[in-house]
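Those sequence lines, one after another, are chains A and B. If you're matching positions, the first sequence starts at 15 in this note's numbering and goes up one per residue. If you're matching positions, the second sequence starts at 4 in this note's numbering and goes up one per residue. All residues carry an ideal CB built from backbone N, CA and C; glycine is no exception. As the structure is a prediction and not an experimental result, all values here were calculated from the model. Down below is the structure, laid out as structure tokens.
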Amino acid sequence: MRIKNQKDFWAGVLIIVVGVFFAGIGTEYKFGTAARMGPGYFPTVLGVITALLGLLLAAQALSSKAKSESIEQFDWFVLLLVLGSVTVFGLLLRPMGLAFSILVLVCIASFASHEFNWKSALINAIALIVLSFGIFVYGLNLQFPLWPKFLVN
Amino acid sequence: MESLLTNLGVGFGAVLAIQPVDIFGLSFSLPMNVVYCFIGALLGTLIGVLPGLGPLASIAMLLPATYALPPLGGLIMLAGIYYGAQYGGSTTAILVNIPGETSSVVTCLDGYQMARRGRGGVALTTAAVGSFFAGCVATVVIAAFAPPLAEVAFEFGPPEYFSLMVLGLVGAVVLASGSILKAICMIFVGLLAGLIGTDVNSGVSRYAFNSPELTDGISFVAIAMGMFGFTEVILNVARREKREVFTDKITTLFPTKEDWKRMVLPILRGTGLGSLLGILPGGGAVLSSFGSYSLEKKIAKNSEEFGHGAIEGLAGPESANNAASQTSFIPLLTLGIPSNAVMALMIGAMMIHDIQPGPQVMTSNPDLFWGLIVSMWFGNVMLIILNLPLIGIWVKLLTVPYRLLYPAILVFCSIGVYSVSNNVFDVFMTVGFGVVGYLFVRLGFEPAPLLLGFVLGPMMEENFRRALLLSYGNFSTFFTSTLSLSLLSVAALMVILVALPSLKSKREEAFKEE
Numbered sequence: 015m016r017i018k019n020q021k022d023f024w025a026g027v028l029i030i031v032v033g034v035f036f037a038g039i040g041t042e043y044k045f046g047t048a049a050r051m052g053p054g055y056f057p058t059v060l061g062v063i064t065a066l067l068g069l070l071l072a073a074q075a076l077s078s079k080a081k082s083e084s085i086e087q088f089d090w091f092v093l094l095l096v097l098g099s100v101t102v103f104g105l106l107l108r109p110m111g112l113a114f115s116i117l118v119l120v121c122i123a124s125f126a127s128h129e130f131n132w133k134s135a136l137i138n139a140i141a142l143i144v145l146s147f148g149i150f151v152y153g154l155n156l157q158f159p160l161w162p163k164f165l166v167n
Numbered sequence: 004m005e006s007l008l009t010n011l012g013v014g015f016g017a018v019l020a021i022q023p024v025d026i027f028g029l030s031f032s033l034p035m036n037v038v039y040c041f042i043g044a045l046l047g048t049l050i051g052v053l054p055g056l057g058p059l060a061s062i063a064m065l066l067p068a069t070y071a072l073p074p075l076g077g078l079i080m081l082a083g084i085y086y087g088a089q090y091g092g093s094t095t096a097i098l099v100n101i102p103g104e105t106s107s108v109v110t111c112l113d114g115y116q117m118a119r120r121g122r123g124g125v126a127l128t129t130a131a132v133g134s135f136f137a138g139c140v141a142t143v144v145i146a147a148f149a150p151p152l153a154e155v156a157f158e159f160g161p162p163e164y165f166s167l168m169v170l171g172l173v174g175a176v177v178l179a180s181g182s183i184l185k186a187i188c189m190i191f192v193g194l195l196a197g198l199i200g201t202d203v204n205s206g207v208s209r210y211a212f213n214s215p216e217l218t219d220g221i222s223f224v225a226i227a228m229g230m231f232g233f234t235e236v237i238l239n240v241a242r243r244e245k246r247e248v249f250t251d252k253i254t255t256l257f258p259t260k261e262d263w264k265r266m267v268l269p270i271l272r273g274t275g276l277g278s279l280l281g282i283l284p285g286g287g288a289v290l291s292s293f294g295s296y297s298l299e300k301k302i303a304k305n306s307e308e309f310g311h312g313a314i315e316g317l318a319g320p321e322s323a324n325n326a327a328s329q330t331s332f333i334p335l336l337t338l339g340i341p342s343n344a345v346m347a348l349m350i351g352a353m354m355i356h357d358i359q360p361g362p363q364v365m366t367s368n369p370d371l372f373w374g375l376i377v378s379m380w381f382g383n384v385m386l387i388i389l390n391l392p393l394i395g396i397w398v399k400l401l402t403v404p405y406r407l408l409y410p411a412i413l414v415f416c417s418i419g420v421y422s423v424s425n426n427v428f429d430v431f432m433t434v435g436f437g438v439v440g441y442l443f444v445r446l447g448f449e450p451a452p453l454l455l456g457f458v459l460g461p462m463m464e465e466n467f468r469r470a471l472l473l474s475y476g477n478f479s480t481f482f483t484s485t486l487s488l489s490l491l492s493v494a495a496l497m498v499i500l501v502a503l504p505s506l507k508s509k510r511e512e513a514f515k516e517e
């Protein structure tokens, strides 16, 4: 059994997993009857249908009539840097304040680009800090810790 | 006719109402809603022009910013962002051949070709004029059709609402591009995701695993920004494309007399087509622009010119596109059902402002309802003002390198997500959805249907439950009511039509031009 359409096969598998997950946990909630539906009714039914859809998708990928498609290489570098930069932003926001967090976010994220250079990344960071303060803090009056805790105290 | 004028009058009154406002410590009295409309159109165009961000991502990004505004102002601004982004996307499509989103693909076909021949300015003007005309007509269409539709909506009970939502989801899948099975899978995943949180009927916390943040359900903004903002950024940075921008060839803005003559009929046809198709659940800008292009190409005497800079191939779709964007508000405003992913975002915004979308909005909040509709006309006026004279600025913006742009997107999204409930967890959740979105796209899924399913999931469950409660568990309740039966039949018909081989190939052909 050769997987002709790899993309669709794994896509189907993913969907099956999601469906089974929701349906499985759904059985822990009260199912009830059609007339008086418990919290578990809708999610379980939907989960089962979802799993079946995933099965259909995966099965289609196994048939001999499927187009040969493989999954291109994941861009781990970009993925980790871009999402990592936002995660770090989230972690730094409370302790270090908005200004520093933006600086770190921009520097880490910019590094992911193939056109990266330090100077423009830093200038971009400063510009964005100024812009964010202007729009979000002074303009919209949103509440943020602005500066590092150890400096303010 | 008289009531139409009265309603429009209420709308104008709401939009032009003078409100006191504090700017940097100084007090002013301004028609703030007009200001919000302008800001929305401006921001929308700005973001829409920038390659890599479509209307969906733009609205998702600016959604939190509108929470601080009063309800009507917030909605007006969001609507402005929507058609502003649509128009900005057309600018990018014409000058850089990058479609900001699916409906701009058609604009790329002839618009870019016109730009390559030095007729970029004319193309931009054509798009602006066509869109403006279509927008004005669509506003009147909405104003005229909304009250009777809302009347019909009052006849809707839980079974009818459920069937309508089914139709909406089916429509969104069938009229979308790409693999239908995958789109359906996305919808179901979205429906399931929407169920996470506390079940309204029983108070039971579902799929929350004792996490207080999840007990309230997944943050709508997190899912929108994660899957449409972050995922886009990751994909674009990884793609590292080199773009050819035709910015220096804009000499004349004004079309010739010959051009004007040629664009009149396509604009009229496009407006009509777009206004109609926009109302359909699942319809909207994409279907209308493709439909208009096919129509114009079929009836044109110069069909060989299409794809090489035919002005008809630009005027028609642009008008259809704008008309559909506006009329797609109709199902939202009259029935409370979002007909596409963008409307799903709007409904999210309405619920945050404590407005329950549905037919009663028209009678309980007439200011809001008619104000929003009239603001669309204002928005169109502002777009014409913003886009033609200021074209030079937008063009300069296109030359901003992406390496500076995407960190800005990340910053604004992160701040935006955090600001909704001052909760860092939301930021992490958005990152999670960025990963999920990337995974889905790599496996060949399109994330937009997921958002629609996410918004409709809880509503569908509620109506399904209620329908069966009222019928004592009898499933035939969905088929005994004529309205419900006809809605489900149309949905079934759509599914059958799409499965038929002959129409399947036509559909693939239409989307092959992407």
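| query | result |
| --- | --- |
| Of the listed residues Gly124(B), Gly16(B), Ala227(B), nearest to Gly57(B) (C-alpha basis) | Ala227(B) |
| Every unbroken beta strand (DSSP E) inside the stretch 425 to 505 of chain B [3 residues or more] | none |
| Distance between Val132(B) and Asn10(B) (C-alpha atoms, nearest Å) | 27 Å |
| Beta carbon proximity, Phe381(B) to chain A, threshold 7 Å | no |
| Listed by chain order, chain E residues near Thr101(A) by CB distance under 9 Å | Protein chains A and B are contained in the structure displayed, whereas chain E is not. |
| Contact with chain B by Gly148(A), beta-carbon distance below 7 Å | no |
| DSSP-derived helix/strand/coil call for Phe31(B) | strand |
| Local conformation of Gln359(B) per DSSP, three classes | coil |
| Nearest to Gly14(B) (by Cα), restricted to the options Asn466(B), Val155(B), Gly374(B), Leu408(B) | Gly374(B) |
| Coarse secondary structure for Arg209(B), derived from DSSP in three states | strand |
| Under the three-state DSSP convention, the category Thr402(B) falls into | coil |
| Chain-ordered chain B contacts of Trp24(A) [CB-CB under 7 Å] | Leu446 |
| Distance, Gly43(B) Cα to Gln363(B) Cα | 26 Å |
| Alpha carbon of Ala73(A) to alpha carbon of Leu28(A), nearest angstrom | 13 Å |
| Inter-stretch contact (C-beta, 8 Å, three-pair minimum) for the stretch 381 to 397 of chain B and the stretch 344 to 356 of chain B | no |
| Collapsed DSSP secondary structure at Thr201(B) in the structure displayed | strand |
| Minimum Cβ-Cβ distance from Phe481(B) to chain A less than 7 Å | no |
| Opening and closing residue of the alpha helix (DSSP H) in which Asp22(A) lies | 20 to 40 |
| Contact set for Gly26(A): own chain, Cβ-Cβ below 8 Å, skip 5 residues either direction | Gly68, Leu69, Leu70, Leu71, Ala72, Ala73, Gln74, Ala75 |
| From Leu78(B), Leu8(B), Val38(B), Gly51(B), residue whose alpha carbon lies closest to that of Asp357(B) | Leu78(B) |
| Distance between Ile101(B) and Thr95(B) (C-alpha atoms, nearest Å) | 6 Å |
| Cβ pair Ser166(B), Leu408(B) closer than 7 Å | no |
| Residues near Glu158(B) in its chain [Cβ-Cβ closer than 7 Å; skip 5 each side] | Leu486 |
| Residue-level contact to chain A via CB, Ala88(B), 7 Å cutoff | no |
| The stretch 103 to 123 of chain B in contact with the stretch 307 to 323 of chain B per 3-pair CB rule at 8 Å | yes |
| Residues, ordered as in the chain, of the stretch 57 to 68 of chain A that lie near chain B by beta-carbon distance below 8 Å | Pro57, Leu60, Gly61, Ile63, Thr64, Leu67, Gly68 |
| Chain A contacts made by the stretch 353 to 371 of chain B, where a contact means CB separation under 8 Å | none |
| Rounded straight-line distance, which links the Cα of Phe35(A) to that of Tyr421(B) | 29 Å |
| Inter-residue Cα distance where the pair is Val100(A) and Thr47(A) | 45 Å |
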